[in-house]
Amino acid sequence: MADVPAHITGTVWKIEVALGQAVSPGETLVILESMKMEMPVEAPEGGVVKEIRCKESQPVKEGDVLVVIG
Amino acid sequence: MGLATVAVFSDADQRLPFVREADQSVRIGPAPAKDSYLNQSAILDAAQSSGAEAIHPGYGFLSESAEFARRCTDAGFCFIGPPPEALAKMKDKSQARQIVRDAGVPIIPGTAGVVADSTEAARSAREIGFPVLCKAAAGGGGIGMAVAKDPVELEKAFRQCSDRARSAFGRSGVYLERYFPSPRHIEVQILADAHGHYLHCLERECSIQRRHQKVVEEAPSPLFGPDPPPDRVRPLFDAALKAARAFDYANAGTVEFLYADDAFHFIEINARLQVEHPITELTTGVDLIGWQLRIASGQPLTLAQEEIRRTGAAIEFRIYAEDPVKFFPSPGVLKVFRPPRGEGIRWDGGYEEGNEVTPYYDPMLGKLIVFASTRSQAISAAISALQSFEVEGVKTNIPLHLRILRSPPFLAGQLDTSFLSTLGPT
């Protein structure tokens, strides 16, 4: 299991994965937007998307868990 | 000029100095730009309720929106910018290319219009020659651009660019241009009144960029130096004036060019005041915003081209709240914030100590502009000014500016848009 946090304070621009989807290490899960810059949040390890804890256009703080992979 | 001002602000900005400094301030909505600074009705309501007569759109956000200019005019406000018709004509960057080409302005080789799909993009790219730049026809400010050096990358770049254009600008049109890996970015300041009088206020060089956004700008361009022979610069200034006339442009604007393979190529007109306008003001003595207001009120431009002369050299440093190496955004609270002061130093800033820099907008905290008799004196003054700039609480690109100022290519005036990617660490 891995909790994947936002590495920066910003807004969720796009969620690139769906619940139950298999992902490989390094795959983009969510794209955050901060100060007009897009920042991909990548899977630290392979697995299946267990939980999506954010919505598109939601503001998030650095450290907030966005996705859980297991 | 004796004009009273009304500021509009979002919830994210309510504690910033401009809200207090204006004669009146009106809240226009929550933090996300689409609900506040891009909300045309909210801004028009604020103008109405405060009794404003004219609307200055600033830079960014709605400043180049033909629709907004039109709505201001229709609602009986004076829009401080070009006529809505001119904005509409240049809104599609692909069509704008064709208009200026027909007016005799050299353009970057590329597609004649937007490309329909990735198959057509691939065919066009072969004709233009790789690498190519995919650009959103409705884009600007570096948003919606992607480089492709081969057909595989093009497929991805085209899709990414179309997506981004659709989400950011509501239109997916993308066109292609030849990509010059390391051109110089040189631009010409234009002023034009509503009576057909056009003039230029010389050039600025803005080659030092990251992610297609400017970081350092200077006037004069080191390509020309302080006193270039008229033959050397005239083709650039003539092309800029031709481009402005092709759109029946009025008010202040900037014609941007890339200099590559010993030639200038038109990129686009920035139909607004530029972030870097202070370096032109300091070196020519022309008050650009003063002229924007006079022109918008219908007054004739009484300056003559012969009166536009440059004295000295000016360099502007955009101070961004970002990591100076990776350029990652760095929002946070400004625990300490003391911009430098002194002779030849101008600070145009939006924040003060204690303010929070939010993630909602551009990371620019302000602009440090240094003016001196010569470029080398301006560089020395800039080094001292940047060293004495005290900021704590967010990361800034001040260390990057100091690295730039001490690098041999910068000192030699050898600038191009790949400058930062080739500048070594520390």
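One line per chain: the protein sequences are Z and F, in this order.
Mapping the first sequence onto the numbering used here, position 66 (from 1) lands on 66, and the numbers just tick up by one.
Mapping the second sequence onto the numbering used here, position 131 (from 1) lands on 1131, and the numbers just tick up by one.
Glycine included, C-beta positions come from ideal geometry on N, C-alpha and C.
Which residue's Cα is closest to the Cα of residue i: the options?
i	options	result
I1186 (chain F)	F:E1322, F:A1103, F:S1207 and F:G1170	F:S1207
D1238 (chain F)	F:P1222, F:L1223, F:Q1014 and F:F1257	F:F1257
R1272 (chain F)	F:E1120, F:Q1040, F:H1056 and F:S1050	F:H1056
V58 (chain Z)	Z:P5, Z:D3 and Z:K14	The question names Val, but residue 58 (chain Z) is Gln in the sequence shown. Of the candidates Z:P5, Z:D3 and Z:K14, the one whose C-alpha sits nearest the C-alpha of Q58 (chain Z) is Z:K14.
E1276 (chain F)	F:D1348, F:R1310, F:S1330 and F:A1240	F:D1348
T9 (chain Z)	Z:L32, Z:V17 and Z:T28	Z:L32
D1416 (chain F)	F:G1342, F:L1334, F:T1311 and F:L1223	F:L1223
P1131 (chain F)	F:E1155, F:S1407 and F:S1065	F:E1155
S24 (chain Z)	Z:M39, Z:V12, Z:E45 and Z:P5	Z:E45
E1352 (chain F)	F:R1338, F:F1079 and F:V1215	F:R1338
M1145 (chain F)	F:A1136, F:E1153, F:P1151 and F:V1152	F:A1136
R1403 (chain F)	F:F1419, F:E1390, F:G1393 and F:V1394	F:F1419
S1050 (chain F)	F:I1028, F:E1306 and F:Y1179	F:I1028
S1063 (chain F)	F:G1076, F:A1075 and F:A1088	F:A1088
P1408 (chain F)	F:R1020, F:N1397 and F:I1379	F:I1379
V49 (chain Z)	Z:A22, Z:T11, Z:E38 and Z:H7	Z:A22
T1302 (chain F)	F:S1118, F:M1001, F:A1296 and F:W1291	F:W1291
Y1179 (chain F)	F:Y1249, F:A1260, F:D1011 and F:Q1160	F:A1260
G1058 (chain F)	F:A1075, F:L1293, F:Q1299 and F:A1314	F:L1293
Q1305 (chain F)	F:I1190, F:A1086 and F:D1163	F:I1190
A1103 (chain F)	F:G1413, F:T1005 and F:K1242	F:K1242
K1326 (chain F)	Z:K61, Z:I69, Z:V12 and Z:M37	Z:M37
E56 (chain Z)	Z:V65, Z:V30 and Z:D3	Z:V30
E62 (chain Z)	F:M1364, F:R1184, F:P1329 and F:L1405	F:P1329
Provide the residue span of the beta strand (DSSP E) that contains residue i, from first to last.
i	result
K1214 (chain F)	Q1213 to A1219
R1009 (chain F)	Correcting the residue type first, residue 1009 (chain F) is Phe in the shown sequence and not Arg. Counting along the chain, the beta strand (DSSP E) containing F1009 (chain F) begins and ends at V1006 to S1010.
F1266 (chain F)	A1263 to N1270
Q21 (chain Z)	Premise fails: Q21 (chain Z) is in no beta strand (DSSP E) and is neither H nor E.
G1152 (chain F)	According to the sequence provided, residue 1152 (chain F) is Val. The question's Gly does not apply to it. No beta strand (DSSP E) contains V1152 (chain F), which is instead part of the alpha helix (DSSP H) from P1151 to F1169.
L1199 (chain F)	Y1198 to R1210
K14 (chain Z)	G10 to I15
V30 (chain Z)	T28 to S34
V49 (chain Z)	G47 to I52
H1185 (chain F)	R1184 to A1192
V1019 (chain F)	Here V1019 (chain F) belongs to no beta strand (DSSP E); instead the alpha helix (DSSP H) covers P1017 to E1021.
I1319 (chain F)	A1313 to Y1320
I69 (chain Z)	V65 to I69
Could you tell me if residue i is buried or exposed, where buried requires 16 or more neighbouring beta carbons within 10 angstroms of its beta carbon?
i	result
G1253 (chain F)	buried
S1384 (chain F)	exposed
A1116 (chain F)	exposed
H1195 (chain F)	exposed
M1 (chain Z)	exposed
Q1209 (chain F)	buried
T1280 (chain F)	buried
Q1014 (chain F)	exposed
D1193 (chain F)	buried
G1139 (chain F)	buried
L1003 (chain F)	exposed
E1392 (chain F)	exposed
S1094 (chain F)	buried
E1217 (chain F)	buried
D1262 (chain F)	exposed
E1322 (chain F)	buried
E1203 (chain F)	buried
L19 (chain Z)	exposed
A1112 (chain F)	exposed
V1286 (chain F)	buried
D1362 (chain F)	buried
K1149 (chain F)	exposed
Could you spell out where the alpha helix (DSSP H) holding residue i opens and where it closes?
i	result
V1431 (chain F)	As shown, chain F starts at 1001 and ends at 1426. That puts residue 1431 (chain F) outside it, with no answer to give.
H1056 (chain F)	From DSSP, H1056 (chain F) is part of no alpha helix (DSSP H); its letter is neither H nor E.
G1290 (chain F)	L1288 to A1296
C1072 (chain F)	A1066 to D1074
R1123 (chain F)	S1118 to I1128
L1044 (chain F)	Q1040 to S1050
D1231 (chain F)	P1230 to A1246
S1421 (chain F)	F1419 to T1422
T1254 (chain F)	It is not in any alpha helix (DSSP H) - T1254 (chain F) instead sits in the beta strand (DSSP E) that spans N1251 to A1260.
P1278 (chain F)	H1277 to T1284
So residue i and residue j are supposed to be a Cβ contact under 8 Å. How far apart are they, rounded?
i	j	result
L1044 (chain F)	R1071 (chain F)	6 Å
F1264 (chain F)	P1106 (chain F)	6 Å
A1240 (chain F)	H1200 (chain F)	6 Å
A1382 (chain F)	F1317 (chain F)	7 Å
P1399 (chain F)	P1359 (chain F)	22 Å between Cβ atoms; not a contact.
L1133 (chain F)	E1205 (chain F)	Between E1205 (chain F) and L1133 (chain F) the Cβ distance is about 20 Å, and since that is not below 8 Å, they are no contact.
Could you tell me which whole beta strand (DSSP E) segments of length 3 or greater appear in the region 1332-1417 of chain F?
Listed in chain order, they are 1336-1338, 1345-1349, 1364-1372 and 1390-1392.
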